[in-house]
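**Student:**
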Amino acid sequence: MQWRVDEIRDQWGMRGECLVAEPLAPLTTWRVGGSADLLVRPVDLEDVHALFNFLRHNRLPWVVLGGGSNVLIADSGVRGVVIQLTDMNYIIPCGECQLRVGAGCSINHLVAETVRQGYAGFESLAGIPGTVGAAVAGNAGALGQQVGDCVHSGLVAENAAVERWLHEEFAFGYRSSAITTEYVVLEVTMKCQRGQPEQLRQRVKLARQHRWQAQPVVGANAGSVFKNPPRQSAWKLIAESGLQGKSVGDAQVSKQHANFIVNCGKASAMDIVALVSKVQQVVAEKTGFKLEPEIKFIGDFGEAAVQVALMQVNGRV
Ligand SMILES: Cc1cc2nc3c(=O)[nH]c(=O)nc-3n(C[C@H](O)[C@H](O)[C@H](O)COP(=O)(O)OP(=O)(O)OC[C@H]3O[C@@H](n4cnc5c(N)ncnc54)[C@H](O)[C@@H]3O)c2cc1C
Numbered sequence: 084m085q086w087r088v089d090e091i092r093d094q095w096g097m098r099g100e101c102l103v104a105e106p107l108a109p110l111t112t113w114r115v116g117g118s119a120d121l122l123v124r125p126v127d128l129e130d131v132h133a134l135f136n137f138l139r140h141n142r143l144p145w146v147v148l149g150g151g152s153n154v155l156i157a158d159s160g161v162r163g164v165v166i167q168l169t170d171m172n173y174i175i176p177c178g179e180c181q182l183r184v185g186a187g188c189s190i191n192h193l194v195a196e197t198v199r200q201g202y203a204g205f206e207s208l209a210g211i212p213g214t215v216g217a218a219v220a221g222n223a224g225a226l227g228q229q230v231g232d233c234v235h236s237g238l239v240a241e242n243a244a245v246e247r248w249l250h251e252e253f254a255f256g257y258r259s260s261a262i263t264t265e266y267v268v269l270e271v272t273m274k275c276q277r278g279q280p281e282q283l284r285q286r287v288k289l290a291r292q293h294r295w296q297a298q299p300v301v302g303a304n305a306g307s308v309f310k311n312p313p314r315q316s317a318w319k320l321i322a323e324s325g326l327q328g329k330s331v332g333d334a335q336v337s338k339q340h341a342n343f344i345v346n347c348g349k350a351s352a353m354d355i356v357a358l359v360s361k362v363q364q365v366v367a368e369k370t371g372f373k374l375e376p377e378i379k380f381i382g383d384f385g386e387a388a389v390q391v392a393l394m395q396v397n398g399r400v
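If you read the sequence shown in this note's numbering, its first letter stands for residue 84, the second for the next number, and so on.
#1: Cα separation between W86 and G151?
#2: Just the C-alpha distance for T264 and L143, rounded to the nearest angstrom, thanks.
#3: Nearest to F372 by alpha carbon, out of V103, A305, G221 and L320?
#4: Alpha carbon to alpha carbon, what distance is there between Q363 and R399?
#5: Whose C-alpha, out of R284, A220 and Y266, is nearest the C-alpha of F255?
#6: Among A209, P125 and A218, which one has its Cα closest to the Cα of R294?
#7: Return the residue from the list V126, L122 and V161 that minimises the CA-CA distance to I381.
#8: From the DSSP output, in three-state form, read off W95 for me.
#9: Grouping DSSP H, G and I as helix and E and B as strand, with all else coil, what is S307?
#10: Smallest Cα separation from P106: which of F205, A367, L122 and L326?
#11: Can S401 be considered in contact with ligand 1, in the sense that its beta carbon sits closer than 6 Å to one or more heavy atoms?
#12: Do G216 and A186 have their C-beta atoms within less than 7 Å of each other?
#13: Could you tell me if the beta carbon of V356 falls within a distance shorter than 6 Å of some heavy atom in ligand 1?
#14: Between Q276, Q339, R92 and E206, which lies nearest to V300 when the distance is taken from Cα to Cα?
Structure representation (structure tokens):
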């Protein structure tokens, strides 16, 4: 399909950035993947509405990308439209202990701003890369705190229809929520308390120190690749299976943290998929556990897609 950005703007009234054939690798922490046919960055709710009208009218497939810190994008890129909400990154206090946060706001900006303004409750999340929208969708967490714990409610789009979901409707679980690929988190109302900035700063410092000790990983990565099976640590199972340092092409199981895969230079998405698959196979053979990926796969992985689909099954094999 030939894209004319000026036509899209004129006809649909979209105001945010629209980029044709935009490379996605620089937008991911793995630095891997092809281009999006079209990348759009709506600036507000009205713009999101215009975007969904355009998508629906043209029957275009779409996917949301946050900070790209938990995704593997196919080497062939993404057909259709990639939506990024990075320009919807506001933090608006409402009342004494709630904040309205745009889904494109980064977790680290949220932590820094709330500490500065004396709002407590987000310090443990310091250092988690990516955006608030994705953190809610995946219920990201650290040091025993999950993002879902801070969510009061949120604005969620299902195509052009935007609805307010209350905390319970998100059905938060371990690295999961009811936000599947047909939904987009647009804004989150978060709960917090008042706190002393200096104390909050100390807590953030401790959280960052703990993170650096637990994850001293050098090189492009996407954080933990696999979820922990119940009562197990994925990194332990991988380390015990003798996989640290094993590689496919430039993709390597980190020597510092067994649940991280590092792009040592020019890894392709297929190298990473092959290594993910290899880790699953060896861990299953050696320990009996089938590891479920925490990372999300975006785009067409061809034959490997079958493997990827099979990977979504958790538990013992
Ligand atoms: C060094 C490092 C350390 C990490 N440490 C942690 C950690 O301690 N704890 C932890 O939980 N995670 C951790 N992660 C993983 C990652 O940071 C989180 O999963 C994060 O929430 C992903 O956010 P993102 O914006 O980068 O999402 P992306 O990677 O861009 O997207 C992830 C998924 O969310 C979807 N998505 C994105 N935005 C939205 C939206 N607005 N609405 C609906 N769906 C959306 C995407 O379609 C995709 O399926 C780490 C990653 C790295 C690289």
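Beta carbons: idealized from backbone N, C-alpha and C, even for Gly. This one's a predicted model, so the numbers in the text were calculated from it and none came from an experiment.
**Tutor:** Let me spell this out:
#1: Residue numbering aside, residue 86 sits at position 3 when the sequence shown is read from its first letter. Residue numbering aside, residue 151 sits at position 68 when the sequence shown is read from its first letter. Their Cα atoms are separated by approximately 24 Å.
#2: Residue numbering aside, residue 264 sits at position 181 when the sequence shown is read from its first letter. Residue numbering aside, residue 143 sits at position 60 when the sequence shown is read from its first letter. Taking the CA atoms as reference points, T264 sits about 14 Å from L143.
#3: Sequence index remark: in the sequence shown, residue 372 carries index 289 (1-based). Residue L320 is the option with its Cα nearest to F372.
#4: By one-based count along the sequence shown, residue 399 stands at place 316. By one-based count along the sequence shown, residue 363 stands at place 280. Its pLDDT being 32, under 50, R399 is placed unreliably by the model, and the measurement read from it follows with that caveat. Cα-Cα distance, rounded: 11 Å.
#5: What you label residue 255 is simply residue 172 of the sequence shown in a count that begins at 1. Checking every option, the nearest Cα to that of F255 belongs to A220.
#6: On the sequence shown, residue 294 is found 211 positions in, with the first residue counted as 1. For R294, the nearest C-alpha among the options comes from A209.
#7: As a first step, residue 381 must be located in the sequence shown, where it is residue number 298. Measuring from the Cα of I381, the nearest candidate turns out to be V161.
#8: Translated into the one-based positions of the sequence shown, residue 95 becomes position 12. W95: helix per DSSP, three-state reduction.
#9: In the sequence shown, counting from the first residue as 1, residue 307 sits at position 224. Looking at S307 - three-state DSSP - the assignment turns out to be coil, as it is neither helix nor strand.
#10: Counting from 1 along the sequence shown, the entry for residue 106 is found at position 23. Among F205, A367, L122 and L326, the Cα nearest to that of P106 is on L122.
#11: In the structure as shown, the chain begins at 84 and stops at 400. Residue 401 is therefore absent and cannot be evaluated.
#12: Numbered from 1 along the sequence shown, position 133 holds the residue referred to as residue 216. Numbered from 1 along the sequence shown, position 103 holds the residue referred to as residue 186. The answer is yes: Cβ separation under 7 Å.
#13: Along the sequence shown, read from residue 1 onward, the residue named residue 356 stands at position 273. It does not: the Cβ of V356 is nowhere closer than 6 Å to a heavy atom of ligand 1.
#14: Locating residue 300 in the sequence shown gives position 217, counting from the first residue. Among Q276, Q339, R92 and E206, the Cα nearest to that of V300 belongs to Q339.
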